[in-house]
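Numbering (our numbering), first residue to last: 215 to 823. I have placed the structure first, in the form of structure tokens, so that the comments after it can refer back to it.
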């Protein structure tokens, strides 16, 4: 910054305030219209008997914060020091703000992270008042989180829970979330004479209506996409189905294909078409274009009739059934398999079970962002303890399944600023409609999960971490051991993954008995995976290392970074597993299995409204 000779004239970066009398009339009119909207909404629900309030507090963290408070009280000196530090930070902030208002050189006491989009409006930097509000908030948020993080004597689970929900609280109190402390929203209010507030209230009530009384925040325009029309459009046929899944075989785009077919096992918690969003970013289409015969499982959206389906059922009627169908469709006894996230956890379990049966139908395995060791499960672990699991199981068993929206809310909380508060600002303060975005449409297209299966998964994987322990889990009567899985394996993880932290997924390199190639991609759980090669726009890089040392930090220290997509790296690897001999392209429905319907099939179109 440079010194200025004269005091800085305050610019609010918003239009000049209107005449107070006229402004008062406009706001009164808006208040009356808003009251009518709310009254109509409440009257509608009172007549239909539908509740407007959801369940009680879903966080259930009172005991964790009580324990934290007790520990704090045993160390008053630390609390006093934290208060002194905060006071000193505020004194520095006030001094710097005064210098800024006088036009002198100054430095920010604290700055938002470069990825924090909440403070991108120029007014947060150029206007002294908004700059003070921003820095004051950042200092307070840092103080809160540092204070609870430094409390001694808490067990790891309690400490993580307190830290996570303190961050949630801090995110919720950001000045960008409130009209009078958000310069962008204030500017919009002045320019539209408050119409944005009315539209925002309408959006809020629409979202409450869609959530049947609970707030279901709209992230994209649901009318902009239709599965099979402009999303999930890679041509193919459903060639097999059972109660739990449809198997799609894709039409070839090359005259010849590699001998060994490829099966993709997606997570049952989401729909498979995250790998087939649009032609330009479809992993499935790209794999087909490389000469691979691609099959994908499309899981059913279960209801109460499938409440008793368990983890073993998902294995038998999922990957095992698909392998049998692929052999019928292609005549090939072996297949390469990809498992994504939970689909990868199921794949690892299936491979270990197949080993007990001397079943050699899988030639190689690829895992996308998959955990098999849940010891350090990241922020998701704050939702998994005995108390919370019992409450969840009661709800699931009452209706036979976990409602998809409940799990979606959990995942959104992991990235609250991006997936909750940014939409609160856009939809309710700015009064704007969310933009059409294929990935967010998919994110909103949630699925249910059968009670028995989901309970098994949470207890045995997250709570007890049994999968990685040899012989601790039994599937179809057989104790399984992941160390006996000795196939060629490709493990893809992502550096900013908030669902499957990469250092946890790295455990696969020390677990499987075969040759393991580990690749780390930049970005997160979705964007890091769905990153197609594009010479005109290189997004994200990836890291490779020929060695797999015991510790992930040692791996990344010796890794080589390569700009751009990791897809070509996987292609080189999968070609080696697919056989040099090529065969004439296989047309879905023209061999051992008949076509039942066009891709993407009917299972994926069952949308929870």
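Even glycine gets a Cβ: it sits at the ideal position worked out from N, Cα and C.
{"Check": "Of the listed residues 608, 778, 563, nearest to residue 682 (C-alpha basis)", "Outcome": "563"}
{"Check": "Whether residue 837 touches residue 511 by CB criterion (8 Å)", "Outcome": "Residue 837 cannot be examined here, being either before or after the span of the chain that is shown, 215 to 823."}
{"Check": "CA-to-CA distance, residue 507 to residue 491, given in whole angstroms", "Outcome": "19 Å"}
{"Check": "Euclidean distance between Cα positions of residue 267 and residue 421", "Outcome": "Note that residue 267 has pLDDT 30, beneath the 50 cutoff, so the model's placement of it is unreliable and no number is given."}
{"Check": "Opposing strand residues paired with residue 454 [DSSP bridges]", "Outcome": "461"}
{"Check": "Cβ-based burial, residue 308 [other Cβ within 10 Å; buried from 16]", "Outcome": "exposed"}
{"Check": "Spatial distance of residue 429 from residue 312 (CA atoms)", "Outcome": "42 Å"}
{"Check": "Identified DSSP bridge partners for residue 203", "Outcome": "Any answer about residue 203 is impossible in this case: the structure gives the chain only from 215 up to 823."}
{"Check": "Selected residue, minimal CA-CA separation from residue 538, among 673, 461, 303", "Outcome": "461"}
{"Check": "At least 3 beta-carbon pairs within less than 8 Å: the stretch 444-461 vs the stretch 513-533", "Outcome": "yes"}
{"Check": "Rounded straight-line distance, which links the Cα of residue 722 to that of residue 581", "Outcome": "9 Å"}
{"Check": "C-alpha distance - residue 228 paired with residue 648, whole-angstrom precision", "Outcome": "In this prediction, residue 228 has a pLDDT of 47, which is less than 50 and means its spatial position is unreliable; nothing more can be read from the coordinates."}
{"Check": "As assigned by DSSP and simplified to three states, the class of residue 385", "Outcome": "helix"}
{"Check": "Nearest candidate by alpha-carbon position, reference residue 416, set 644, 813, 691", "Outcome": "644"}
{"Check": "Whole-Å CB distance - residue 618 paired with residue 521, under 8 Å assumed", "Outcome": "So it is not a contact: roughly 15 Å between Cβ atoms."}
{"Check": "Between the CA atoms of residue 530 and residue 502 - distance to the nearest angstrom", "Outcome": "26 Å"}
{"Check": "Integer Cβ distance of residue 431 from residue 641, believed to fall under 8 Å", "Outcome": "7 Å"}
{"Check": "Length-filtered (4 minimum) alpha helix (DSSP H) runs lying within the stretch 490-575", "Outcome": "497-503, 525-529, 535-544, 556-570"}
{"Check": "Neighbour-count burial assignment, residue 661, 16 or more Cβ in a 10 Å radius", "Outcome": "buried"}
{"Check": "Candidates 694, 816, 593, 796, of which the one nearest residue 453 by Cα", "Outcome": "816"}
{"Check": "Beta-bridge partners of residue 812, as assigned by DSSP", "Outcome": "451"}
{"Check": "Cβ shell of residue 350 (< 8 Å), same chain only, five flanking positions each side left out", "Outcome": "304, 307"}
{"Check": "Contact between the stretch 533-551 and the stretch 659-673 (3+ Cβ pairs under 8 Å)", "Outcome": "no"}
{"Check": "Assigned secondary structure, residue 782 (DSSP; H/G/I helix, E/B strand, else coil)", "Outcome": "helix"}
{"Check": "Exposed unless 16 or more other CB atoms sit within 10 angstroms - verdict on residue 752", "Outcome": "exposed"}
{"Check": "C-alpha distance - residue 477 paired with residue 779, whole-angstrom precision", "Outcome": "21 Å"}
{"Check": "Boundaries of the beta strand (DSSP E) in which residue 698 is found, first to last residue", "Outcome": "That residue, residue 698, is in no beta strand (DSSP E); it is neither H nor E in DSSP."}
{"Check": "Status (buried if at least 16 other CB within 10 Å, exposed otherwise) for residue 310", "Outcome": "buried"}
{"Check": "CA-to-CA distance, residue 702 to residue 757, given in whole angstroms", "Outcome": "19 Å"}
{"Check": "Local Cβ density within 10 Å of residue 443, reported as buried at 16 or more and exposed below that", "Outcome": "exposed"}
{"Check": "Contact set for residue 263: own chain, Cβ-Cβ below 7 Å, skip 5 residues either direction", "Outcome": "Below a pLDDT of 50, predicted positions are generally treated as unreliable, and residue 263, at 40, falls in that range; the measurement from the model is reported next regardless. Result list for residue 263: empty, nothing under 7 Å."}
{"Check": "Residue 781 vs residue 746 beta-carbon contact at 8 Å", "Outcome": "yes"}
{"Check": "Anticipated Cβ contact below 8 Å, residue 466 with residue 799, distance rounded", "Outcome": "4 Å"}
{"Check": "Cβ pair residue 481, residue 540 closer than 8 Å", "Outcome": "no"}
{"Check": "Beta-carbon gap between residue 403 and residue 419 smaller than 8 Å", "Outcome": "no"}
{"Check": "Residue 260 (DSSP reduced to helix, strand or coil)", "Outcome": "Its pLDDT being 46, under 50, residue 260 is placed unreliably in this model, and the coordinates cannot settle the point."}
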